[in-house]
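Visitor: 272 is the number that the numbering used here gives the last residue of the sequence shown; the numbers go up by one with no jumps.
C-beta: ideal position from N, C-alpha, C; glycine also.
My questions will all concern the structure given below.
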Amino acid sequence: MGVGGGRAGYGAGGVGRLGVGVGTDLGVGGGRPGGFGVGGVGGVGGLNPVSASARYTTAAAVRNGYNYPGVYGAGWYANYPGAWYAPGWTANAVWNPCTWSTASVYCGYSEAPPVYYDYGNNVTYQDNSVYVNGENAGTTQQYYQQASTLASSGAAADAPSDGDWLPLGVFALTKPDQTKSDVSVQLAVSKQGVIRGNYTDSAGNKNQVIQGSVDKESQRVAFTVGDDTQTVFDTGLYNLTKAEAPCLKHLGSDSAEQWLLVRLQQPDAAGK
1 MGVGGGRAGY GAGGVGRLGV GVGTDLGVGG GRPGGFGVGG VGGVGGLNPV
51 SASARYTTAA AVRNGYNYPG VYGAGWYANY PGAWYAPGWT ANAVWNPCTW
101 STASVYCGYS EAPPVYYDYG NNVTYQDNSV YVNGENAGTT QQYYQQASTL
151 ASSGAAADAP SDGDWLPLGV FALTKPDQTK SDVSVQLAVS KQGVIRGNYT
201 DSAGNKNQVI QGSVDKESQR VAFTVGDDTQ TVFDTGLYNL TKAEAPCLKH
251 LGSDSAEQWL LVRLQQPDAA GK
């Protein structure tokens, strides 16, 4: 089902082509190949390779330094009345990790193999083009527009009000070369592929609602934070079932950065 009741399936493209062009019926279809965002850490023209061991080291340091035990607890929601929540969820459900088998069945993707977006490794930039698994996926500007459309279609879609949401967990947001984060991202997905959650700057005592969606064919996830519709976060649904999830942060159509989502345990369970 397309986001917001669109046609079954989102686009013509899949792994490699990523044909996730501007669609109809609040879906993201249309089928011409799209490019990935512009620039990575270090500027326009490329993404830096990041090894799995480097991500693991960064994640371990971030988890060890994360010390906000009250976040997303009952008292936290009282302090942030505008925060997103799913009615009917049990206490602390936001922290539940999600496996690919659970997410794929819930969203209706069980027939498709998982797609992993490993920016700088299987997703690379050369000049103004993007290559996914060695295939030309189009221009960088196209890819940003596709991410923006995917996020905005989810923002415009009707979201379930009955608590029928699958928690994807809580992540600390950091750059690959940083070892501390005060920002957490809580995410959930509906059966229609709508993404909701919270973007929390605990040091700044600020929370903003996340809105976005999942593309069924490419399994790509794009979302925006608060009222900023130009900055788009971009990753994959399979990525979000992992302990460390590479992602892109598009800063409009002309710039993007590599970031890392680090899965966090519920603070009490982690002994903090």
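#1: Quick check on the DSSP output: the alpha helix (DSSP H) that includes Y144 runs from which residue to which?
#2: Since P97 and G169 are thought to touch, with beta carbons under 8 Å apart, how far apart are those beta carbons, to the nearest angstrom?
#3: Span of the alpha helix (DSSP H) holding T57?
#4: Measure the C-alpha to C-alpha separation of I195 and L187 and round it to an integer number of angstroms.
#5: So, for V62: in the same chain, excluding its five sequence neighbours on each side, which residues have a beta-carbon less than 7 Å away from its beta-carbon?
#6: Going by the beta-carbon positions, is the gap between P114 and L237 smaller than 9 Å?
#7: Taking C-beta to C-beta, are N121 and P176 nearer than 9 Å?
#8: Who are the near neighbours of A203 in its chain, counting only those whose CB is closer than 6 Å to its CB and skipping five residues on each side?
#9: Taking the beta carbon of Q126 as the centre, do at least 16 other beta carbons fall within 10 Å, making it buried, or is it exposed?
#10: What does DSSP give as the partner residue(s) for W89 in the beta ladder?
#11: Report yes or no: do three or more beta-carbon pairs, one from the stretch 134-143 and one from the stretch 65-75, lie closer than 8 Å?
#12: Mark A91 as exposed unless 16 or more other C-beta atoms lie within 10 angstroms of its C-beta, in which case mark it buried.
#13: Given a cut-off of 9 Å, decide if A222 and S148 are closer than it, judged by their beta-carbon atoms.
#14: Would you check if the distance between the CB atom of S213 and the CB atom of S153 is smaller than 9 Å?
#15: Give me the Cα-Cα distance between S184 and A137, rounded to the nearest whole angstrom.
#16: Report yes if the C-beta distance between R220 and D201 is below 9 Å; otherwise report no.
#17: Using CA coordinates, which residue listed in A78, G88 and G75 is at the minimum distance from G274?
#18: Using beta-carbon positions only, say whether N207 and N198 come within less than 9 Å of one another.
#19: For the alpha helix (DSSP H) containing N79, list its first residue and its last residue.
#20: To which residues of the same chain is V3 closer than 7 Å at the C-beta, ignoring the five residues directly before and after it?
#21: Could you tell me the alpha carbon to alpha carbon distance between Q265 and Q146, rounded to whole angstroms?
Guide: In short, the structure shows the following:
#1: Membership of Y144 in the alpha helix (DSSP H) is indicated by the continuous run T140 to A156.
#2: So it is a contact: roughly 5 Å between Cβ atoms.
#3: Counting along the chain, the alpha helix (DSSP H) containing T57 begins and ends at A52 to G65.
#4: Distance between the alpha carbons of I195 and L187: 7 Å.
#5: Excluding residues within five positions, the ones whose Cβ falls inside 7 Å are A172, T174, T179, K180, S181 and V262.
#6: Going by C-beta atoms, P114 is nearer than 9 Å to L237.
#7: No, they are not a contact pair.
#8: Excluding positions up to five away in sequence, the list reads D182.
#9: Of the other Cβ atoms in all chains shown, fewer than 16 fall within 10 Å of the Cβ of Q126; this residue is therefore exposed.
#10: In DSSP, W89 forms no bridge with anything.
#11: At 8 Å Cβ cutoff, the stretches do not touch.
#12: Under this definition A91 is an exposed residue.
#13: Yes, the Cβ-Cβ distance between S148 and A222 is below 9 Å.
#14: Yes, Cβ-Cβ distance for S213 and S153 is below 9 Å.
#15: Each residue's Cα considered, the two are about 31 Å apart.
#16: Not in contact: R220 and D201 (Cβ atoms no closer than 9 Å).
#17: Limits of the chain in this structure are 1 at one end and 272 at the other, which puts residue 274 out of reach.
#18: Contact flag set, yes.
#19: Note, N79: alpha helix (DSSP H), A74 to N79.
#20: Residue placement at V3 cannot be trusted, given a pLDDT of 46 that sits under 50; what the coordinates show is reported in the next sentence. Around V3: L26, G27, S153, G154, A157, Q192, G193, V194 and S213.
#21: Each residue's CA atom was taken as its position, placing Q265 and Q146 some 32 Å apart.
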